Every structure is written in C-alpha cells, then in structure tokens.
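Undergrad: Quick one: the structure is below, questions incoming.
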Amino acid sequence: MRGFFRRFKVWLIILGILAGIWFIISGLHSAIGTLKNGSRQNTECTTKERVFDQAGILTEKEEEKLRKLIAKRERQTGCDIVLVTLNESLKEYAYAQKEYITEDKYVMLYADDFYDEHMFGYDEPYGDGVLLLDNLYREDDGWAYSWLCTTGKAEGKYSGRMIDHLLEKSYRFSLISPYYGYKAYINQFYHDMNGFGLVNANFSVPLLLVLSLAAAIGFVVINRGGKAGGRTTDARTYVKGKKAKINHREDQFIRKAVAQHRIQSSSGGSGSSRGGGGHHISGGGRSHGGGGHRH
Numbered sequence: 072m073r074g075f076f077r078r079f080k081v082w083l084i085i086l087g088i089l090a091g092i093w094f095i096i097s098g099l100h101s102a103i104g105t106l107k108n109g110s111r112q113n114t115e116c117t118t119k120e121r122v123f124d125q126a127g128i129l130t131e132k133e134e135e136k137l138r139k140l141i142a143k144r145e146r147q148t149g150c151d152i153v154l155v156t157l158n159e160s161l162k163e164y165a166y167a168q169k170e171y172i173t174e175d176k177y178v179m180l181y182a183d184d185f186y187d188e189h190m191f192g193y194d195e196p197y198g199d200g201v202l203l204l205d206n207l208y209r210e211d212d213g214w215a216y217s218w219l220c221t222t223g224k225a226e227g228k229y230s231g232r233m234i235d236h237l238l239e240k241s242y243r244f245s246l247i248s249p250y251y252g253y254k255a256y257i258n259q260f261y262h263d264m265n266g267f268g269l270v271n272a273n274f275s276v277p278l279l280l281v282l283s284l285a286a287a288i289g290f291v292v293i294n295r296g297g298k299a300g301g302r303t304t305d306a307r308t309y310v311k312g313k314k315a316k317i318n319h320r321e322d323q324f325i326r327k328a329v330a331q332h333r334i335q336s337s338s339g340g341s342g343s344s345r346g347g348g349g350h351h352i353s354g355g356g357r358s359h360g361g362g363g364h365r366h
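72 is the number of the first residue of the sequence shown in my numbering; add one for each residue after it.
This is the structure in structure tokens:
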C-alpha cells in the first residue's frame with residue numbers, strides 16, 4: 072500500500088491542491104457576495120417568515136432547515152427568498168380578480184399578490200426577491216401547477232430558460248422529497264444570481280471531490296496490473312519464411328438502402344410542462360416576472 076501511494080503521490084497532491092483552490096474560491100465568492108449586498112434595507116415588510124407551508128407537507132425540522140438556508144442565501148444574493156405551498160383550488164380566487172384566465176395562470180395571480188401583500192423585497196418594499204408557489208391541488212384540467220415569481224433585480228436576471236431550469240430541477244428533486252425540491256430551488260436561485268448559471272449541480276463540493284478522488288483511485292487500482300504498452304508486434308509479424316508478408320483485407324460495397332420515416336409532432340403530452348411567463352403587472356400595479364410548471 073505504501074508503494075502504491077508513493078507511486079501516485081503526485082496525482083494525489085494535485086487533487087489536494089485543486090480541492091484547496093476550489094474551497095478558497097467558493098469561500099471568497101460567498102464572502103464577496105455578502106459584502107456587496109450589505110444588510111437588508113426593507114423595514115416595511117409585514118413578516119419575517121419565509122416558509123409558508125400551508126399544504127402541511129414539510130416537517131418542523133425541515134421548515135427550520137429551509138429558514139436557515141434562506142437567511143444565508145438572502146444575504147448572499149441581496150434578495151428575499153420566499154416559499155409558499157398550497158393544496159387548494161385557486162379557480163374562485165382567480166375569477167374574483169380576472170374575467171377569465173386559463174388554469175396555468177391561477178398560481179401566477181396568487182404568487183404576485185402574496186408577494187405584494189407582504190411587501191417583500193430585500194432593498195425596499197416590492198423590491199428584489201423571488202417567490203416559489205407550489206400548489207399540489209389538481210385544477211379542472213387535471214394538472215397541478217407551480218409558479219416562480221421574480222421581482223426587482225431577480226426579474227431582470229431571469230430569462231425564460233433559467234426559470235425553466237430552476238423549476239424543472241426543483242421538481243426532479245421533489246420526487247425524492249418535497250424538502251429536497253425546495254432546497255434545490257433556494258440553492259439554484261443563489262447560483263443563478265451569483266453567476267454560476269445553468270451548469271451548477273445541486274451537490275455539495277466535498278461530496279463531489281470525494282467521489283472524484285474515489286473514481287481516480289479505483290481507475291488506478293483496476294489498471295495498475297494491466298499490460299499497458301505491451302509489445303504486440305515483433306520482427307516476425309510481417310515476415311513469412313524469408314519473404315515479407317502483408318495481410319490484405321477489403322470490404323466490397325454491394326448496395327445502398329435508405330429508409331425514411333415521418334416523425335409526428337404533438338402539441339400535447341404527459342409528464343411535466345413548463346415555460347417562462349415573461350414580465351407583467353400584478354393586480355396591485357407592481358412589475359413581476361416569472362414562469363410556471365405543471366405536473
């Protein structure tokens with residue numbers, strides 16, 4: 072074993088250096104984000120709560136973990152981060168405010184109004200922030216809907232593609248448990264606002280480093296006994312008797328056949344659907360962006 076580590080100590084040192092650099096950069100990035108955003112300026116917000124689990128799908132311990140994570144990410148992004156869960160039809164709520172809208176926009180109205188009524192915003196009332204509304208109730212069309220409401224600098228930052236990615240990621244993790252889905256929402260928002268973009272994964276850095284190191288060591292162990300670079304030819308390979316021997320092979324083309332199939336497209340489907348909702352004005356006259364997801 073000692074010989075093994077001596078043999079590959081250079082690679083282990085390189086991995087250690089890379090891990091150290093990654094941790095330093097991550098720490099500096101987080102610290103700079105916190106210093107840049109400063110302290111929260113909005114004193115008119117009607118509540119300090121950020122997790123409104125009205126559907127009752129989270130445990131008290133999970134709610135508290137999400138509150139702590141939100142508090143940390145709010146300082147790092149300079150945005151209020153709000154989570155609301157429901158399990159009720161929003162049809163009557165929507166119809167009381169609009170003459171007619173489709174089922175996928177019920178959650179949009181509720182999310183915008185919830186944000187405005189509580190005067191969320193890190194910098195000022197109705198200011199920088201984001202709210203995820205997750206309604207578990209299936210409306211008349213058979214779908215359950217969620218909506219990401221963006222405001223202030225979050226509204227300016229988020230494109231429809233970024234909204235799609237965040238909502239899809241949150242939904243995929245929610246298949247494990249709602250808690251992991253909402254944690255993914257909070258962390259992805261942080262990564263998007265701080266420039267990591269769509270390539271970031273929702274795994275801890277230490278875990279990724281350990282997995283990478285384990286994979287590297289496993290590869291070395293498996294291949295250390297192989298005969299890499301072993302001789303496959305010698306002086307007799309191309310000589311038969313005292314004459315040169317050339318192995319000759321060829322492929323003969325016989326015919327060509329091409330099959331064509333028409334691919335049908337469909338406007339409907341099953342599973343999940345999502346899309347950016349763009350910029351709009353809420354019932355209270357405030358500017359919001361956002362997009363929805365159905366499942």
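Note that the Cβ used here is the ideal one computed from N, Cα and C, for glycine as well. Values in this document were obtained by computation on a predicted structure and should not be read as measured data.
Can you find at least 3 beta carbon pairs, one from the region 129-146 and one from the region 238-246, that sit closer than 8 Å?
TA: Cβ pair count under 8 Å is below three, so no.
Undergrad: Looking at the secondary structure, which residues open and close the beta strand (DSSP E) in which His359 lies?
TA: Your numbering for residue 359 matches position 288 in the sequence shown. It spans 358-365 - the beta strand (DSSP E) in which His359 sits, taken as one unbroken run.
Undergrad: Once you ignore the five residues that flank Tyr177 on each side, which residues in its own chain have a CB closer than 6 Å to its CB?
TA: For the purposes of this step, residue 177 is taken as residue 106 along the sequence shown, with counting starting at 1. Excluding positions up to five away in sequence, the list reads Leu161, Ala165.
Undergrad: Which ranges does the alpha helix (DSSP H) cover as unbroken runs of at least 4 residues, wholly within the region 109-177, from first to last along the chain?
TA: Segments of the alpha helix (DSSP H) lying fully in the region 109-177: 131-148, 162-166.
Undergrad: Mark His379 as exposed unless 16 or more other C-beta atoms lie within 10 angstroms of its C-beta, in which case mark it buried.
TA: Past the edges of the chain, shown from 72 to 366, lies residue 379, and the structure says nothing about it.
Undergrad: Look at the alpha carbon of Thr118 and the alpha carbon of Asp212, and state the distance between them as a whole number of angstroms.
TA: Translated into positions along the sequence shown, residue 118 becomes position 47. Translated into positions along the sequence shown, residue 212 becomes position 141. Rounded to the nearest angstrom, the two C-alpha atoms are 34 Å apart.
Undergrad: How is the alpha helix (DSSP H) around Tyr251 delimited, first residue to last?
TA: Along the sequence shown, read from residue 1 onward, the residue named residue 251 stands at position 180. 249-264 is the span of the alpha helix (DSSP H), which, as asked, contains Tyr251.
Undergrad: Work out the CA separation of Gly127 and Ser353 for me, nearest whole Å.
TA: By 1-based counting over the sequence shown, the position of residue 353 is 282. By 1-based counting over the sequence shown, the position of residue 127 is 56. So the two alpha carbons sit approximately 27 Å from each other.
Undergrad: Which word fits Tyr171, buried or exposed, when buried means at least 16 other C-beta atoms lie within 10 angstroms of its C-beta?
TA: For the purposes of this step, residue 171 is taken as the residue at position 100 of the sequence shown. Classification for Tyr171: exposed.
Undergrad: I need the straight-line Cα distance from Met264 to Ala142, nearest angstrom please.
TA: Locating residue 264 in the sequence shown gives position 193, counting from the first residue. Locating residue 142 in the sequence shown gives position 71, counting from the first residue. Taking the straight line joining both Cα atoms gives about 15 Å.
Undergrad: Taking a contact to mean a Cβ-Cβ separation below 8 Å, would you say Leu203 touches Tyr242 in this structure?
TA: Position 132 of the sequence shown holds residue 203. Position 171 of the sequence shown holds residue 242. No. Outside cutoff.
Undergrad: Tell me where the alpha helix (DSSP H) around Ser230 begins and ends.
TA: The residue labelled residue 230 in the question sits at position 159 within the sequence shown. It is not in any alpha helix (DSSP H) - Ser230 carries neither H nor E in the DSSP assignment.
Undergrad: Taking only the alpha-carbon atoms, compute the straight-line gap between Asn108 and Asp151 and give it to the nearest angstrom.
TA: Within the sequence shown, the letter at position 37 stands for residue 108. Within the sequence shown, the letter at position 80 stands for residue 151. Going by the C-alpha atoms only, they are around 12 Å apart.
Undergrad: How many whole angstroms separate the CB atoms of Gly252 and Ala225, which I take to be in contact at a CB cut-off of 8 Å?
TA: Residue mapping note: residue 252 aligns to position 181 of the sequence shown, counting from 1. Residue mapping note: residue 225 aligns to position 154 of the sequence shown, counting from 1. Contact doesn't hold; Cβ gap of about 19 Å is too wide.
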